[in-house]
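*Asks:* There's a structure below that I have some questions on.
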Amino acid sequence: MASSATAKPRARQGTRRPAAGKGRAPAWLARWWKVALLVLLVTIGLPLAHALFGEVVALLGLAALIGFLVGRWTAA
Numbered sequence: 001m002a003s004s005a006t007a008k009p010r011a012r013q014g015t016r017r018p019a020a021g022k023g024r025a026p027a028w029l030a031r032w033w034k035v036a037l038l039v040l041l042v043t044i045g046l047p048l049a050h051a052l053f054g055e056v057v058a059l060l061g062l063a064a065l066i067g068f069l070v071g072r073w074t075a076a
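Each residue of the sequence shown is one higher than the one before, starting from 1 at the first, in the UniProt record's numbering.
Here it is as structure tokens:
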């Protein structure tokens with residue numbers, strides 16, 4: 001029977017970082033696709049929502065959606 005002083009300590013689970021695969025995007029690209037999405041929301045989404053639902057719904061809806069996305073992306 002092994003004593004606790006000579007027993008090997010077990011590695012903690014979940015402390016290893018996953019290995020980066022070949023298909024993983026670089027960090028700078030991960031940030032810029034979000035910027036591109038915001039630009040598309042404003043340039044395409046706002047006029048489309050305005051045509052479909054009216055001015056007030058388009059402005060409030062897109063403001064809420066963009067606010068939610070920016071809040072999620074900048075959350076700590």
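Beta carbons are placed, not taken as given, at the ideal position from N, Cα and C, and that holds for glycine. Remember, predicted model here, so these are calculated numbers, not experimental data.
1. Expressed to the nearest angstrom, what Euclidean distance is found between the alpha-carbon atoms of Trp28 and Phe53?
2. Does Ala58 come out as helix, strand or coil in the three-state DSSP assignment?
3. Do His50 and Ala58 come within 7 Å of each other at the CB atom, strictly closer than that value?
4. Under three-state DSSP, which class holds Pro47?
*Replies:* The short version:
1. 36 Å
2. helix
3. yes
4. helix
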